[in-house]
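Numbering (my numbering), first residue to last: 649 to 715. Notes to accompany the following structure.
Here is the structure:
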């Protein structure tokens with residue numbers, strides 16, 4: 649069986665007044681993943697200002713790369 653890419657999607661909601669802090673943390677996480685996880689093919693973060701919600705989508709080369 650061929651290795652298949654795996655997408656992991658998760659959601660965080662910032663506490664009141666913490667939206668900018670959450671965005672900054674994930675900007676750092678995104679850079680660290682790209683630099684240190686060779687199986688991480690793509691990292692995308694979307695922030696909804698109206699609900700202070702951050703949705704993160706990580707695409708990995710296969711299940712073994714998810715860590």
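Ideal placement from N, C-alpha and C gives every residue a C-beta, glycine not left out. Note that the coordinates shown come from a computational prediction; the quantities given were computed from them, not determined experimentally.
| request: Indicate the three-state DSSP secondary structure (helix, strand or coil) for residue 671 in the structure shown. | output: helix
inquiry  = With distance defined between alpha-carbon atoms, name the residue in 651, 654, 670 nearest to residue 701.
reply    = 670
### Task
Specify, as a first and last residue, the run of the beta strand (DSSP E) that residue 692 falls within.
688-696
* Would you mind giving the Cβ-Cβ distance between residue 687 and residue 713, rounded to the nearest angstrom? I have them listed as a contact below 8 Å. => 2 Å
Exercise for review: Round the Cβ separation of residue 705 and residue 657 to the nearest angstrom and send it over; I've been treating them as touching at under 8 Å.
Suggested key: 5 Å
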